[in-house]
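Protein chains in written order, with this note's numbering: chain V, 6 to 235; chain Z, 6 to 235; chain L, 23 to 239; chain D, 23 to 239.
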Amino acid sequence: MKLPDKRCRIDQAIATIRDGDTVMIGGFGVPGTPMTLIRALVAHGARDLTIIKNDANEPGMGVDHLLRNGQVSRLITTHLGLNSHAIGLMNAGDIRVEFNAQGILAERIRAGGSGICAVLSDIGIGTELAQGKQVVEMAGKPHLVEPALRADVALIHADRADPFGNLAYVATARNFNPLMAMAARCVIAEAETVVPLGALAADAVHTAGVFVDHLAELKELSGDYAVVQR
Amino acid sequence: MKLPDKRCRIDQAIATIRDGDTVMIGGFGVPGTPMTLIRALVAHGARDLTIIKNDANEPGMGVDHLLRNGQVSRLITTHLGLNSHAIGLMNAGDIRVEFNAQGILAERIRAGGSGICAVLSDIGIGTELAQGKQVVEMAGKPHLVEPALRADVALIHADRADPFGNLAYVATARNFNPLMAMAARCVIAEAETVVPLGALAADAVHTAGVFVDHLAELKELSGDYAVVQR
Amino acid sequence: MSSAKNRMIARAAREIAPGMVVNLGIGMPTKVVNHLASDFPVCLHTENGLTGIGPVLPPERADRNLIDAGGAYVSTIPGSAFFDSATSFAMVRSGRLDLTMLGAFEVSANGDLANWKIPGKFSPGVGGGIELAQKARRVVVLTTHTDRAGAPKLKQQCTLPLTACGCVARVFTDMAVIDITERGFALIETLEGISPGEVANATDAPLILPEAPPPTF
Amino acid sequence: MSSAKNRMIARAAREIAPGMVVNLGIGMPTKVVNHLASDFPVCLHTENGLTGIGPVLPPERADRNLIDAGGAYVSTIPGSAFFDSATSFAMVRSGRLDLTMLGAFEVSANGDLANWKIPGKFSPGVGGGIELAQKARRVVVLTTHTDRAGAPKLKQQCTLPLTACGCVARVFTDMAVIDITERGFALIETLEGISPGEVANATDAPLILPEAPPPTF
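Set out below in structure tokens:
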């Protein structure tokens, strides 16, 4: 047996995204944000997207390009504190924003990626984040039903990959990437380096290739990925 | 800042286990089973234990020593097919056995290790494994409530560790170990090798040391760990 | 193994399409791998935490830490990956397994599968079977057509505790290839030398026969 | 930063006991680390996926892939570990954080915390704050005693949306150290030069005073 090769051109992979799709995008700040795939999605132009991402990056960076291009109608996120532009769109009613507790967003995505329908949690009970949520009693205590999240497409940034789509992340660029890479019908990964099959040790794989549908090697790393000067 | 040192003697760590405790034990077959910690628990003699383990190893191996020593009153597991002795104890009513679907056992342990109260799943609906379980309707469909599992103590086998308790596993010896290492009040890990702080790359850690309470280096590897001759 | 079983297993191997992710259950399904070419593009999954299973090794070359879910000492291939048990079943339940091949005690005409328990006689636990049966995109069964006493395993309804309901798409036996259709069992192929009538006689439910003589394997 | 704030932060640093796992929230809590000795045995956690945070680095030495939850370019120390966001909050919710230090808009006399939203003015989202506040084994707050308009932040009841109920054990301010007790706010220490009466006047709830003059910091 040998493992299939999933390398592809970025534009061809992104072309499968349709108006109205739900798109998960990895990253926490700049680290782990698939900047090149986002630029390709801007060029592609699909609209009315629901974006699931921890944050909205900063003005003029990453997912903010999708916001500025009017492609996003809904954002499922945890914190927009570094993007005043996104907050402005939210306050103007131009995008609908659903805030999740950060670890609950992570669990909902992981549940979606694990074929689990929902998790029961006591996080947020007594706060406005509990409003409108289904409640289940267990052992006499109330718990919130946090439904699994899945997406049509996940955009993932990895440090290294092999042609089968096994991925490895580096430092805090891991964050939501391994979770989202489990939770979409179509998983598109960009990797800074693609090594030959077998060069990524089986014990060092962070996301197994079976979760990944399309893999693109980044020929060069744009300034989008650089250290942010503040 | 520097990280604390968690190295300890095996007998001292195991001495904290009390009659009636719930003990998670890693491993799927021989790989990943903490054979040395199990031998120490046999020597310690704590009784009326609830053991949570994927399987019961084989007759005369691993957790079967605890069964033969009469220390186990209850076993939460997925499959006993390779241990006719354990099946005999179950059929004679000497131990109570609760069978879980294997991935659901993994999820229940992970939920316990993640501060999640339960997961909702459709696995087993329409089979006898669904009997007696709480049902929650979501989107008009029934789902089974699978409560989180936690333990008083988890016994873990790792390939490599550093003094802070960061762990790395090898090959299929990983299995339930990273999940159980999250899900117990007191986590005791045995490692084949303990390397200096910093020698285990931060990206290569499989279980972060914050989950681990006590770490023991195996001075020599007993025959318990060897390839099984059939 | 009998020649009929061998031909059943060889026929089942043709069920695997290039590029698939496949889990082969313990027993006869595991042997399907022997009928795949060494360069066939497929990813084999074992639920104890490995994708990219390589050949089984003899004890003297075995890695003590590398087994499949049946306890066989296997190996890796370039591109293999190890992961924990939660991740392994995340793959299964989230639909990343294209195909699983399982054994069976009974299969019903609507695709119910019973393969884990015989009350009072055999109850070792369900292991990973429920999730494989319920969640793989395609579930096929490899089984002898009748049990040791000659009783049919393909029945109108299962009498044993179920593994999963309505999950089986196709059954490979030592007599035939049979699909589960909306109208029940349908004969697709027969073993060379076996007639459709013999298959129908060994099946404890109506068997839809093709109009022309079916292909043989 | 004012001298009073600096002394508050230095005092808060003494809250960290050897061997603890600690998460320091964005803002003043992050600065607590500057008051720990370089060989102090502690494990700092940041929710974007790192245990064992090392010193903040200047841009020219920064690793573009290595930040803390506040976006600062940090470093590792021997024994650091990286992990994904689900694992990071698994640590938080399963009780592996001994201590978290958070900022606050308001703290109530029963330990309710409001620190994420001012309706109509400020609502950037809750981030990881709820889980830190609700699940760390010990939650302490670092805040100025009053807001910019001079209004007390310690109140009988919070008026802003809550982060978590009854979670705060202790508050460090630029005037005092105050514990939340079953009977409400209790004065523990005062900033050097501040009298218990001044603290009570700046607190919008009853303040239990010690019988003897409290220690200063």
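Cβ atoms here follow ideal geometry from the backbone N, Cα and C, with glycine treated the same way.
- Message: Against ILE121(Z), what residues of chain V qualify as contacts under a CB-to-CB distance less than 8 Å, listed in chain order?
- Response: Ordered by position in chain V, the residues that pass the 8 Å Cβ test against ILE121(Z) are GLU112, VAL124, LEU125 and SER126.
- Message: For a cutoff of 8 Å on Cβ pairs, would you count LEU64(L) as touching chain V?
- Response: Here residue 64(L) is Val; the residue named in the question, Leu, does not match the sequence. Yes - at least one Cβ of chain V is within 8 Å of the one on VAL64(L).
- Task: My understanding is that GLY108(V) touches GLN76(V), with C-beta atoms under 8 Å, so please give their C-beta distance in whole angstroms.
- Result: About 28 Å; that fails the 8 Å criterion.
- Query: Do you know offhand how far ASN59(Z)'s Cα is from ASN182(V)'s?
  - Reply: Near 29 Å, if we compare the C-alpha coordinates of ASN182(V) and ASN59(Z).
- When you compare each of LYS7(Z), GLU63(Z) and ASN96(Z) to ASP229(Z) by their alpha carbons, which one comes out closest? If we check each option's Cα against that of ASP229(Z), GLU63(Z) comes out closest.
- Task: Please check if any C-beta of chain D sits within less than 8 Å of the C-beta of LEU207(Z).
- Result: Strictly speaking, residue 207(Z) in this sequence is Ala, with Leu absent from that position. Chain D, which has a Cβ nearer than 8 Å to the Cβ of ALA207(Z), makes this yes.
- Hey, quick one: how far does the beta strand (DSSP E) through SER97(D) stretch, first residue to last? Where SER97(D) is concerned, the enclosing beta strand (DSSP E) stretches over 97-104.
- Task: Please report how far the alpha carbon of VAL200(Z) lies from the alpha carbon of THR132(Z), in whole angstroms.
- Result: Approximately 48 Å, taken between the alpha carbons.
- Message: Give me the chain Z residues within the contact set of HIS148(V), using Cβ-Cβ distance strictly less than 9 Å, ordered along the chain.
- Response: What HIS148(V) touches in chain Z: CYS122 and ALA123.
- Proximity winner among PRO235(L), CYS180(L) and GLY76(L), relative to VAL129(L) (alpha-carbon distances): Selected option, being the one with the closest Cα: CYS180(L).
- Query: Under 8 Å between C-beta atoms, does GLN179(D) make it to chain B?
  - Reply: Checking the listed chains, one finds no chain B in this structure; the protein chains it contains are V, Z, L and D.
- Task: Assign PRO169(V) to buried or exposed, taking buried as 16 or more other Cβ atoms, counted over all protein chains shown, within 10 Å of its Cβ.
- Result: One detail in the question is off: residue 169(V) reads as Phe in this sequence, not Pro. Classification of PHE169(V): buried, given that the 10 Å Cβ count is 16 or more.
- Query: Exposed or buried, which one is GLN156(L) when buried takes at least 16 other CB atoms within 10 Å?
  - Reply: Classification of GLN156(L): buried, given that the 10 Å Cβ count is 16 or more.
- Query: Going by alpha carbons, who is nearest to THR185(L) out of ARG170(L), ALA171(L), PHE127(L) and LEU213(L)?
  - Reply: When each option's Cα is compared against that of THR185(L), the closest is PHE127(L).
- Message: If we define contact as Cβ-Cβ less than 8 Å, is MET143(Z) a contact residue for chain V?
- Response: For MET143(Z), the nearest beta carbon of chain V is closer than 8 Å to its own beta carbon.
- With DSSP collapsed to three states, give me the class of ALA189(V). DSSP places ALA189(V) in strand when its eight states are reduced to three.
- Query: Counting contacts by CB-CB distance shorter than 8 Å, is VAL210(Z) in contact with chain D?
  - Reply: Output row for VAL210(Z): interface = yes.
- Would you decide whether SER24(L) is buried or exposed? Buried here means 16 or more other CB atoms lie within 10 Å of its CB. Counting of Cβ neighbours within 10 angstroms places SER24(L) among the exposed residues, the total staying below 16.
- Hey, could you find the ends of the alpha helix (DSSP H) VAL193(L) is sitting in? Looking at the DSSP string, VAL193(L) is not in any alpha helix (DSSP H); the run it does join, the beta strand (DSSP E), is 190-194.
- Message: Distance cutoff 8 Å, beta carbons only. Does ILE92(V) sit that close to anything in chain D?
- Response: Proximity of ILE92(V) to chain D, defined by a Cβ-Cβ separation below 8 Å, is satisfied.
- Message: Rounded to the nearest angstrom, what separates ALA34(D) and LEU164(D) at their Cα positions?
- Response: Between the alpha carbons of ALA34(D) and LEU164(D) lies a distance of about 8 Å.
- Kindly indicate if chain Z contains any beta-carbon less than 8 Å away from that of ALA200(V). Before going on, a small fix: residue 200(V) reads as Val here, not Ala. Using beta-carbon distances, VAL200(V) does not count as an interface residue toward chain Z, since no partner is under 8 Å.
- Determine the burial state of LEU226(V): buried for a count of at least 16 other Cβ atoms within 10 Å of its Cβ, exposed for fewer. Its Cβ having fewer than 16 others within 10 Å, LEU226(V) is exposed.
- Looking at the C-beta of PRO36(Z), does it have a partner C-beta in chain V at a distance below 8 Å? It does not; no Cβ of chain V falls within 8 Å.
- Message: Extract the residue ranges of the alpha helix (DSSP H) inside the segment 78-155 of chain Z, only unbroken runs of 4 or more that lie entirely within it.
- Response: DSSP runs (the alpha helix (DSSP H)) wholly in the segment 78-155 of chain Z: 89-96 and 107-118.
- Task: Can you tell me which of the three DSSP states ALA222(L) falls into?
- Result: DSSP places ALA222(L) in helix when its eight states are reduced to three.
- Task: Work out the CA separation of MET29(V) and ALA188(V) for me, nearest whole Å.
- Result: Approximately 8 Å, taken between the alpha carbons.
- Taking only beta-carbon positions, decide if ALA186(D) is within less than 8 Å of chain V. At least one chain V Cβ lies under 8 Å of ALA186(D).
- Would a check of beta-carbon distances place HIS57(L) closer than 8 Å to chain V? Not one beta carbon of chain V lies nearer than 8 Å to the beta carbon of HIS57(L).
- Per DSSP, what kind of secondary structure is GLU82(L) in: helix, strand or coil? Here GLU82(L) carries a helix assignment [DSSP, helix/strand/coil].
- GLU151(Z) beta carbon near the ligand SAH (any heavy atom closer than 7 Å): Among the components of this structure there are no ligands whatsoever, and the ligand SAH is therefore not found.
- Beta carbon proximity, VAL175(V) to chain Z, threshold 8 Å: Yes, VAL175(V) counts as interfacial toward chain Z.
- Task: Using beta-carbon positions only, say whether ILE128(V) and GLU153(D) come within less than 8 Å of one another.
- Result: Their beta carbons are under 8 Å apart, which means ILE128(V) touches GLU153(D) by this criterion.
- Message: Just checking: is the beta-carbon of PRO152(Z) within a distance shorter than 8 Å of some beta-carbon in chain V?
- Response: PRO152(Z) counts as touching chain V.
- In chain order, what residues of the same chain have a beta carbon less than 6 Å from the beta carbon of PRO237(L), not counting five sequence neighbours either side? Hits under 6 Å: GLU211.
- Query: Quick one: is GLU112(V) buried, meaning 16 or more other Cβ sit within 10 Å of its Cβ, or exposed?
  - Reply: The residue in question, GLU112(V), is buried, as its Cβ has 16 or more Cβ neighbours within 10 Å.
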